[in-house]
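Asker: Heads up, the sequence shown is in my numbering, so the first residue is 590 and it goes up one at a time.
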Amino acid sequence: MKNINISLLAKPNIRSLRAYHAEEVPCKVKLDANESPYSGARVKKILQTLNRYPDPEAKQLRKIIAEGSRVKPENILHGNGSDELIYYLITTFGGPVLYPVPTFSMYGIIAQALGEKKIEVPLDNKFDLDIEKILAAIKRYKPKLIFLSSPNNPTGNCFSSDRILKIVEFTYSLPPTPYSLVVIDEAYQPFSKTKSFVPLLGKYGNLLVLRTLSKIGLAGLRLGFLIAGESVISEVNKVRLPFNVNSLSQAVAVEALKDKKQMRRHISSIISERKRLLAEMRKIEGITPYPSDANFVLFKVNNAEKVYNGLLRKGVLIRNMTGAVKDCLRVTAGTPGENTVFLKALREVINSEN
Ligand SMILES: *Cc1c(COP(=O)(O)O)cnc(C)c1O
590 MKNINISLLA KPNIRSLRAY HAEEVPCKVK LDANESPYSG ARVKKILQTL
640 NRYPDPEAKQ LRKIIAEGSR VKPENILHGN GSDELIYYLI TTFGGPVLYP
690 VPTFSMYGII AQALGEKKIE VPLDNKFDLD IEKILAAIKR YKPKLIFLSS
740 PNNPTGNCFS SDRILKIVEF TYSLPPTPYS LVVIDEAYQP FSKTKSFVPL
790 LGKYGNLLVL RTLSKIGLAG LRLGFLIAGE SVISEVNKVR LPFNVNSLSQ
840 AVAVEALKDK KQMRRHISSI ISERKRLLAE MRKIEGITPY PSDANFVLFK
890 VNNAEKVYNG LLRKGVLIRN MTGAVKDCLR VTAGTPGENT VFLKALREVI
940 NSEN
């Protein structure tokens with residue numbers, strides 16, 4: 590057989606890209622992926638309709654999401670996770686794509702996969718938006734899309750609302766072209782005290798919001814939503830694959846979203862556990878946990894590799910973020926029991942270091 594190098598056939602931007610790394614690591618306590626430890630879905634009689642294609646427009650689901658967000662169903666686009674919507678946004682509008690760093694890795698991965706220019710602007714030393722640098726970069730590069738994850742992953746904090754607004758207002762006030770769309774990724778907003786940007790959508794036509802069910806108990810369904818003006822939605826809807834969200838996910842989500850009480854209970858438990866994690870971690874000498882508005886805590890250690898492996902040896906899986914934020918690890922808030930196991934293991938690993 591001829592030995593051919595297939596990767597030479599791929600486009601250069603794909604060749605230099607590395608596939609998203611989502612390894613399945615066996616563990617006893619899984620606190621690495623910002624999922625909810627709770628699952629509240631009451632699944633019934635969904636299986637009977639599997640001979641049919643799903644509703645391509647996910648009408649029932651979009652109606653429920655629209656009601657919850659106080660917008661119209663025409664303002665909602667459903668995605669196979671918000672990842673897919675990020676893909677659709679960059680497919681529709683193209684680049685340059687601007688985002689602060691460190692942040693959620695998919696903005697950069699998808700921009701590169703689609704051959705679009707990436708503009709990365711470092712956060713300031715409080716992990717907040719460096720407004721001067723961002724405004725300068727907007728003027729210089731005229732990005733089509735600006736992605737702001739708030740609360741930000743992996744740092745956990747919300748960006749100051751007035752800085753976000755400055756960016757929105759600045760880009761909104763520019764002449765019709767260049768004209769940047771500002772996407773606020775609110776994947777972790779349910780865990781935060783900061784207000785959602787959804788109520789401002791009517792005021793700024795260039796403002797878009799992303800939401801997801803992944804962090805509030807339904808990561809396996811793969812369901813995300815773009816909330817934006819009708820004209821944005823109808824443009825992005827042109828690139829959406831017809832049956833992007835399957836029947837099972839639509840049906841389970843509709844059921845699960847009917848039980849808002851349980852979802853809210855789980856979210857409050859996770860918020861109070863995040864607070865406990867932070868308080869307990871502050872007492873451990875040799876680590877620096879950062880305040881969080883999300884369902885995880887980022888913390889700095891002396892040797893991230895060592896602490897990560899030490900925890901894993903005790904069966905506790907967290908995320909090593911040292912590639913994105915030097916010497917940092919990220920732990921997701923789990924159930925009270927899981928968090929107790931993590932805290933005990935962390936104390937032991939840190940103590941054995943000294
Ligand atoms: C987890 C995460 C997402 C991805 O959500 P899916 O809906 O699961 O694709 C989007 N944005 C940020 C900032 C995230 O951390």
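Heads up, the beta-carbon is just placed ideally off N, CA and C, and yes, glycines get one too.
Flag Glu-709 as yes if its beta-carbon sits less than 9 Å from any beta-carbon of chain D, otherwise no.
Answerer: Of the chains in the structure shown, none is chain D; there is only one protein chain.
Asker: Can you tell me the Cα-Cα spacing of Lys-782 and Pro-601, whole angstroms?
Answerer: The C-alpha of Pro-601 is placed about 43 Å away from the C-alpha of Lys-782.
Asker: Distance check for Val-690 and Ala-608, CA to CA, integer angstroms please.
Answerer: 19 Å
Asker: From Ala-997 to Gly-791, what does the alpha carbon distance come to, in whole angstroms?
Answerer: This structure cannot settle anything about residue 997, because the visible part of the chain is limited to 590 through 943.
Asker: With respect to the beta strand (DSSP E) encompassing Val-886, which residues constitute its N-terminal and C-terminal limits?
Answerer: 885-889
Asker: Would you kindly report the start and end of the unbroken beta strand (DSSP E) that includes Phe-949?
Answerer: With the chain represented from 590 up to 943, any question about residue 949 goes unanswered, as that position is not in the structure.
Asker: Which residue spans inside the region 652-690 form an unbroken alpha helix (DSSP H) run of at least 4?
Answerer: 670-682
Asker: Relative to ligand 1, is the shortest distance from any of its heavy atoms to the C-beta of Glu-673 smaller than 8 Å?
Answerer: yes
Asker: Where Ser-838 and Lys-850 are concerned, what is the direct C-alpha to C-alpha distance, given to the nearest angstrom?
Answerer: When rounded, the distance between both Cα atoms is 20 Å.
Asker: Would you call Thr-801 buried or exposed, if buried means 16 or more other Cβ atoms sit within 10 Å of its Cβ?
Answerer: buried
Asker: Please give me, in chain order, every unbroken run of the alpha helix (DSSP H) with length at least 4 that falls completely inside the region 695-771.
Answerer: 695-702, 720-730, 750-762
Asker: State yes or no: is the C-beta of Phe-693 within less than 9 Å of the C-beta of Leu-734?
Answerer: No; because the gap between Cβ atoms is not below 9 Å, this pair is not in contact.
Asker: In three-state DSSP terms, what is Asn-594?
Answerer: It is coil, neither helix nor strand.
Asker: Look up Tyr-920 in the DSSP assignment and give the residues it is bridged to.
Answerer: One detail in the question is off: residue 920 reads as Val in this sequence, not Tyr. Bridge partners of Val-920: Val-886.
Asker: Which stretch, first to last residue, makes up the beta strand (DSSP E) that contains Arg-800?
Answerer: 796-801
Asker: Please work out which residues of its chain come closer than 6 Å, Cβ to Cβ, to Gln-649, disregarding the five sequence neighbours upstream and downstream, and give them in chain order.
Answerer: Same-chain partners within the cutoff: Val-843.
Asker: To the nearest angstrom, how far is the alpha carbon of Glu-613 from that of Leu-763?
Answerer: 46 Å
Asker: Comparing C-alpha positions only, which one of Asn-795, Lys-847, Leu-935, Glu-673 sits nearest to Leu-830?
Answerer: Closest in C-alpha terms to Leu-830, from the list Asn-795, Lys-847, Leu-935, Glu-673, comes Glu-673.
Asker: With contact counted as at least three CB pairs below 8 Å, one residue from each stretch, are the region 883-890 and the region 740-759 in contact?
Answerer: Here the region 883-890 makes contact with the region 740-759; the two share three or more CB pairs at distances below 8 Å.
Asker: Identify the residues that DSSP records as bridge partners of Arg-811: which are they?
Answerer: DSSP, once it has assigned bridges, lists no residue as partnering Arg-811.
Asker: Using 8 Å as the cut-off, classify the Cβ of Asn-746 as near or not near the heavy atoms of ligand 1, replying yes or no.
Answerer: no
Asker: With Ile-675 and Tyr-696 assumed to form a contact (beta carbons below 8 Å), what rounded beta-carbon distance in angstroms separates them?
Answerer: 6 Å
Asker: Quick one: give me the first and last residue of the alpha helix (DSSP H) that Glu-869 is part of.
Answerer: 849-871
Asker: Quick check: Asn-669 and Phe-716, are their CB atoms within less than 9 Å of each other?
Answerer: It is not a contact, given that the beta carbons lie outside the stated cut-off.
Asker: Below 8 Å on the Cβ atoms is my guess for Ile-859 versus Ser-625; work out the distance and round it to an integer in Å.
Answerer: 7 Å
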